[in-house]
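Residue numbers (the numbering used here): 228 to 621.
In this text, a Cβ means the ideal position worked out from N, Cα and C, and glycines have one as well.
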């Protein structure tokens, strides 16, 4: 088939590679250039197995960092609340590793793979201004914001165009998300600026009253990625590329452990960004006939389970598998949605719960810490054991 994808981020490019692997002709439209400022993301085994199946293991290992574990620590005294093993333990249990990688590096891996694929066409600076569908196919209009420049025809349209999806709005109308009361910061810290051993080779989350701070290595261990979330009102800009103010970040974590302030003090101020977190409930329906959605376009997820990119990558494999079953297009897309809706809604709701759980104080925080120590890895098992490559065979 001839498949059109709106959005050239992680989800759109992974979908293109999965679909091209089955022999489809795929065109990906990206409003700007293919790439992203971004910072670090975490790729757990449930999505890294899809990327490995696409032949990307060597490229990922060359650019990523392989953490040894996940650790939760007390915001003020640094005491370890709980931890889980990653590294070899994850590979042994689930078959593929857990990666930390800079978002821009992952985009480069995917773009390079798409450029090598003879049946994938990448169209940069191609803004989708609208679409139409009929019994025999779909049409996508490419515009510059004022004029319609081109029309592309295909058999299927996939909206992988993120949290402000034009395709979702065209299907279901615009929506008004709810501000969560959380503002997120992200920053990168060059490792050569830090004392040796300050950051352990793992993902570390410091939990405190009304805020938390996460850090981990990316780019082969040469940078530390920091993501910090603070409950505050009065600033509600939902953009990943809005520069943040260093003094405000420093004040947000006043009184926190000295390790946190060493990271903030040594952060690259040109990599400091701030954005407001908005919540969107799970959608009851994603697509219609020959048009469907993928990733943040249909299940935008708060960053409290590190599963946003993973869900988009899983979507890509399941969607490609459903279209390969030989059923009519509309039936295949409906099956994809039916297979994915419950799992992605569970991750959305779990991330929403974590937003509250990470920021507890007093007796509630003490009870949380006690539960974490006794809780084991049940949540990890449910997330990481999912195999998007095989779910369509069940």
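Does the Cβ-Cβ distance between residue i and residue j come in under 8 Å?
i           : j           : result
residue 294 : residue 325 : yes
residue 413 : residue 453 : yes
residue 619 : residue 525 : no
residue 329 : residue 267 : yes
residue 383 : residue 243 : no
residue 543 : residue 238 : yes
residue 257 : residue 229 : no
residue 426 : residue 450 : no
residue 533 : residue 274 : no
residue 513 : residue 458 : no
residue 389 : residue 234 : yes
residue 599 : residue 566 : no
residue 276 : residue 323 : yes
residue 287 : residue 278 : yes
Under a three-way DSSP split, which group does residue i fall into?
i           : result
residue 194 : Nothing about residue 194 can be reported from this structure: the residues present for the chain run from 228 to 621 only.
residue 519 : strand
residue 328 : strand
residue 392 : coil
residue 254 : strand
residue 593 : helix
residue 489 : helix
residue 432 : strand
residue 541 : helix
residue 460 : coil
residue 348 : strand
residue 200 : Residue 200 is absent from the structure shown; the chain starts at 228 and stops at 621.
What span of residues does the alpha helix (DSSP H) with residue i cover, start to end?
i           : result
residue 575 : 556 to 584
residue 281 : Run containing residue 281: none; DSSP gives neither H nor E here.
residue 240 : 237 to 248
residue 475 : 473 to 479
Per DSSP, residue i is paired with what?
i           : result
residue 354 : 370
residue 452 : 415, 443
residue 426 : DSSP lists no partner for residue 426.
residue 312 : 296
residue 359 : 366
residue 386 : 233, 520
residue 406 : 505
residue 301 : 434
Starting from residue i, trace the beta strand (DSSP E) in both directions and tell me its first and last residue.
i           : result
residue 381 : 375 to 381
residue 506 : 500 to 506
residue 284 : Segment 284 to 290 is the alpha helix (DSSP H) holding residue 284; no beta strand (DSSP E) there.
residue 177 : Given a span of 228 to 621 for the chain in the structure shown, any question on residue 177 remains unanswerable.
Please determine whether the Cβ atom of residue i lies at a distance below 7 Å from any heavy atom of the ligand ZN.
i           : result
residue 579 : Within the structure as shown, the ligand ZN is missing, as the structure has no ligands at all.
For the stretch 350 to 358 against the stretch 391 to 411, do three or more pairs of beta-carbon atoms, one drawn from each stretch, fall closer than 8 Å, so that the two count as touching?
yes
Does the stretch 580 to 588 come into contact with the stretch 510 to 524, if we say contact requires no fewer than three beta-carbon pairs (one atom in each stretch) closer than 8 Å?
Output reads no: the stretch 510 to 524 does not touch the stretch 580 to 588.
contact_flag[the stretch 438 to 454, the stretch 485 to 504] where n(CB pairs < 8 Å) is 3 or more
yes
Would you check if the stretch 296 to 304 and the stretch 480 to 488 touch, i.e. whether three or more CB-CB distances between them fall below 8 Å?
yes
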